[in-house]
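Here's the structure, in structure tokens; my notes come after.
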Amino acid sequence: MSSPTETAPIKTAPTKTAPPDTAAHPYRRLVARRITLVLGLSLLLCLSIAVDVSLGPARYALRDVAATLIWPEAADLQMRVVVWDIRLPMALMAVTVGGCLSLAGAQMQTILANPLASPFTLGLSAAASFGAALAMVLGVALFPAALALMVPINAFVMAMLAALLIFALSSMRGVTVETIVLLGIALVFTFNAALALLQYFASEQALAAVVFWTMGSLTKASWDKVAVTAAILVVCTPLFARRAWALTAIRLGEARASAMGVPVRRLRLETLVLVSVLAAIPVSFVGTIGFIGIVGPHIARLLLGEDQRFFLPGAILSGALILSATSVLSKAILPGAVLPIGIITALVGVPFFATLIFTHGRRSW
Amino acid sequence: MVTLELDRVEARYGRKIIYTDATTPAISGGHLTALIGPNAAGKSTLFRRIAGQLAGSGQVRITGADRDDLRYMPQDTAISAALSVYEAVILALKQGRSGWRLSAGELAAVDAILTRLKITALAERQLAELSGGQRQLISIAQTLVSRPRLVLMDEPTSALDLYRQYEVLELLRSYAAETGAVVVLALHDLNQVMRSCTTTIAVAEGRVVAVGPTLEVLSPALIRRLYAIESRVETCSRGCPMMIVDGALEQGT
Ligand SMILES: Nc1ncnc2c1ncn2[C@@H]1O[C@H](COP(=O)(O)OP(=O)(O)OP(=O)(O)O)[C@@H](O)[C@H]1O
Ligand SMILES: [Mg+2]
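Sequence lines, in order, name chains A and B. The first sequence lines up with residues 1 to 365 when you count with the numbering used here. The second sequence lines up with residues 1 to 253 when you count with the numbering used here.
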């Protein structure tokens with residue numbers, strides 16, 4: 001039998017002394033590191049856009065592409081059309097769509113306290129696909145005034161209907177975030193089943209169109225669409241930025257956040273509205289590119305943590321960067337062909353994401 | 001001087017009413033107040049009601065401080081956010097303030113509370129990687145960093161070792177004395193209550209059953225009624241009162 005024979009008088013518990021006040025405050029150093037990372041991501045993004053524009057079925061020298069971008073009047077007509085009307089809108093579309101979807105996913109994960117939440121898992125993408133298929137298979141226009149834009153408008157209307165349902169449920173008293181996530185999953189299955197039913201009865205031609213649409217593709221990019229997606233990003237980002245401290249606090253848990261004076265329910269509803277628009281518009285333009293909305297935010301979280309002052313730009317940048325890099329790859333894999341980007345996103349994103357998780361050694365959620 | 005007074009306060013979760021008319025005299029600041037009662041008595045519920053998270057009729061009267069000056073530390077401490085300790089405490093300070101930039105004064109306030117709780121060494125660690133007791137210390141730092149004048153803490157020492165329990169209670173006592181703040185602590189350790197808290201509120205089954213000076217409230221009769229425990233209070237050889245537990249009553253007697 002051993003008996004406790006502690007004899008030394010314990011004066012204080014072991015505490016380390018504060019770091020000497022030599023250089024900058026440790027927190028200032030952390031902030032500087034984070035700003036550097038955000039700038040680094042931006043730089044990578046610019047690089048990726050440049051490579052993206054220089055690649056394509058027609059092979060132009062990088063120097064000529066650059067010259068066309070800077071002095072469009074001096075370039076020959078064909079090259080100007082290819083660079084300015086085809087490649088640049090596609091390259092920028094990848095950036096804006098990636099940014100929107102990643103930001104939407106980031107804030108969904110924040111308000112629903114769920115690492116798997118994204119526009120995809122809450123049924124918005126599935127609803128959009130169903131809406132698009134309604135137009136392509138049955139020729140049903142949910143908004144008959146604009147027949148030329150039947151597919152994207154149908155997709156948008158269905159996605160917003162799904163969002164409205166989720167919103168209505170969330171605004172009921174006593175509904176927990178778990179319930180909202182469950183409803184989202186139920187929506188995914190419902191819309192997928194409805195989509196399958198449409199495909200079953202579709203003509204061969206319509207079926208091909210639906211399948212291609214659901215793969216997600218940037219080939220239908222145009223300056224108008226770039227402008228619209230960029231505009232929602234420009235509108236939504238400052239709205240989130242103004243609530244940065246409150247949104248970060250929500251991640252401490254509902255009880256703690258409201259104890260700090262954060263109006264949790266109101267913030268959650270407001271965020272849900274913004275997120276729905278952020279997700280529905282890009283999806284209705286380019287089809288389902290599901291992966292970005294989950295992985296973009298996680299990469300930002302791993303690199304920058306969840307202080308929204310860095311997480312917010314980080315999520316936009318990492319989503320934009322993944323999709324832009326994917327766009328480069330989708331052209332580079334098969335020279336002369338442009339593979340649908342929805343297929344490549346997961347193929348590129350997963351290895352990158354896995355490397356990050358395993359090398360980082362930090363808990364990611 | 002800050003005071004807190006409850007006047008026929010009702011508290012409910014949806015339709016489920018927990019308190020119908022909780023009433024206390026004005027509790028003055030400058031010292032610690034204990035909130036005691038058995039499990040499920042309604043301690044956390046009363047805190048939530050005072051903090052404005054629960055609906056209900058009645059009046060919570062606060063003098064000498066704003067509602068914005070109230071900070072409430074909830075009971076649970078599980079956190080999954082990817083934030084460092086620094087960021088978490090800064091976050092608590094920045095709520096309700098505008099601007100993304102941190103002034104030197106704000107940074108100094110964060111450093112001061114971390115130093116007082118002796119957790120500066122944890123400053124750059126991730127929240128998710130902390131032990132239960134460390135997380136509780138961070139919660140305390142988050143609660144106090146904005147120097148609130150009205151503090152409600154739900155079992156602030158439940159995860160702490162003996163040394164840190166002592167340190168935290170001493171810190172809270174001097175905080176109350178310095179600032180004149182009303183500091184109410186839900187506690188289960190009645191010896192801790194006797195040592196640190198001047199006033200005690202006892203609740204059971206959604207009713208305030210006693211309010212007053214701690215030694216008067218913690219009578220053997222009340223302990224029997226609240227906990228079905230036979231106890232006595234004796235003075236130790238250094239002169240401080242100690243509660244000694246003799247045994248449990250048969251339930252139902
Ligand atoms: N969210 C809730 N919804 C409905 N009833 C609740 C809820 N939270 C607590 N209650 C009920 O309110 C009563 C009081 O609970 P409360 O959490 O206030 O007790 P407590 O005194 O803090 O207990 P403990 O010492 O175990 O922390 C209990 O009967 C409990 O079941
Ligand atoms: Mg409790």
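Ideal Cβ positions, reconstructed from N, Cα and C, are used throughout, including at glycine. Bear in mind that the values here come from a model prediction, so they are computed numbers and not experimental data.
Taking C-alpha atoms, which residue in the options lies nearest to residue i?
i: E234(B); options: E250(B), E87(B), M194(B), S28(B); result: M194(B)
i: L144(B); options: E178(B), I17(B), I223(B); result: E178(B)
i: G29(B); options: R173(B), T214(B), M243(B), S219(B); result: R173(B)
i: L302(A); options: E170(B), E106(B), Q126(B); result: Q126(B)
i: L116(A); options: I86(A), S217(A), I294(A); result: I294(A)
i: D21(B); options: S80(B), E5(B), I36(B); result: E5(B)
i: L152(B); options: P38(B), T33(B), R8(B), I18(B); result: T33(B)
i: A40(B); options: H188(B), T214(B), M73(B), V245(B); result: H188(B)
i: I235(A); options: C100(A), V210(A), S327(A); result: Looking at the sequence shown, residue 235(A) is not Ile but Val. It is C100(A) whose Cα lies nearest to the Cα of V235(A).
i: T229(A); options: I281(A), A67(A), P335(A), I322(A); result: I281(A)
i: F189(A); options: L124(A), R243(A), A206(A), I299(A); result: L124(A)
i: A244(A); options: R164(B), T198(B), G58(B), G96(B); result: G96(B)
i: V83(A); options: S102(A), Y60(A), L239(A); result: Y60(A)
Closest Cβ-Cβ distance between residue i and chain A: below 8 Å?
i: S84(B); result: yes
i: Y19(B); result: no
i: R12(B); result: no
i: K16(B); result: no
i: E155(B); result: no
i: L150(B); result: no
i: Q95(B); result: yes
i: M1(B); result: no
i: Y72(B); result: yes
i: E106(B); result: no
i: L171(B); result: no
i: D68(B); result: yes
i: E263(B); result: Because chain B here runs from 1 to 253, residue 263(B) falls outside it and cannot be looked at.
i: A210(B); result: no
i: D7(B); result: no
i: A109(B); result: no
Looking at the C-beta of residue i, does it have a partner C-beta in chain B at a distance below 8 Å?
i: M158(A); result: no
i: A354(A); result: no
i: P9(A); result: Confidence is the limiting factor: at P9(A) the pLDDT is only 49, short of 50, which leaves the residue's position unreliable, though a coordinate-based value still follows. Chain B contact via Cβ: absent.
i: E270(A); result: no
i: P26(A); result: yes
i: T36(A); result: no
i: G261(A); result: yes
i: P144(A); result: no
i: L30(A); result: yes
By Cβ distance, which residues of its chain are closer than 6 Å to residue i, with the 5 residues on each side in sequence left out?
i: S258(A); result: V264
i: S54(A); result: L62, V65
i: E155(B); result: Q75, A186
i: Q107(A); result: T271, V275
i: V183(B); result: L32, V151, L172, A176
i: V350(A); result: none
i: R207(B); result: none
i: F143(A); result: I153
i: A127(A); result: M158, A159, A162, F191
With a CB to CB cut of under 8 Å and the five nearest residues on each side skipped, what residues in its chain are close to residue i?
i: R225(B); result: A204, V209
i: K118(B); result: E167
i: I250(A); result: T110, I111, A113, A257, V262, V264, L267, R268
i: L165(A); result: L183, L187
i: L169(A); result: V175, T179, I180, L183
With a CB to CB cut of under 7 Å and the five nearest residues on each side skipped, what residues in its chain are close to residue i?
i: V226(A); result: P89, L92, M93, T96
i: D69(B); result: P148, R149, L150
i: T214(A); result: S129, G287, T288
i: V181(A); result: L112, N114, A117
i: G290(A); result: F120, S125
i: G37(B); result: K43, A202, V203, A204, L226
Checklist entry - Which residues have a Cβ closer than 6 Å to any heavy atom of ligand 2, listed in chain order? => result K43(B), S44(B), Q75(B), D154(B)
Checklist entry - In the stretch 40 to 64 of chain B, which residues sit with their C-beta less than 7 Å from some C-beta in chain A, listed in chain order? => result A51, Q53
Item to check | Interface positions of the stretch 160 to 173 of chain A facing chain B (Cβ-Cβ less than 8 Å), listed along the chain | outcome: R173
Next on the checklist: So if I threshold CB-CB distances at 7 Å, which residues from the stretch 108 to 134 of chain A count as touching chain B?
Outcome noted: none
Checklist entry - Using a Cβ cut-off of 8 Å, which residues of the stretch 286 to 310 of chain A contact any Cβ in chain B, in chain order? => result R301, L302, G305, E306, D307, R309
Checklist entry - Which residues, in order along the stretch 242 to 261 of chain A, keep a beta-carbon less than 8 Å from a beta-carbon of chain B? => result A244, W245, A246, T248, A249, R251, L252, G253, A255, R256, S258, A259, M260, G261
Checklist entry - the stretch 180 to 203 of chain B: which residues have C-beta closer than 7 Å to a C-beta of chain A, in chain order? => result none
Item to check | Residues of the stretch 35 to 54 of chain A with Cβ closer than 7 Å to any Cβ of chain B, in chain order | outcome: none
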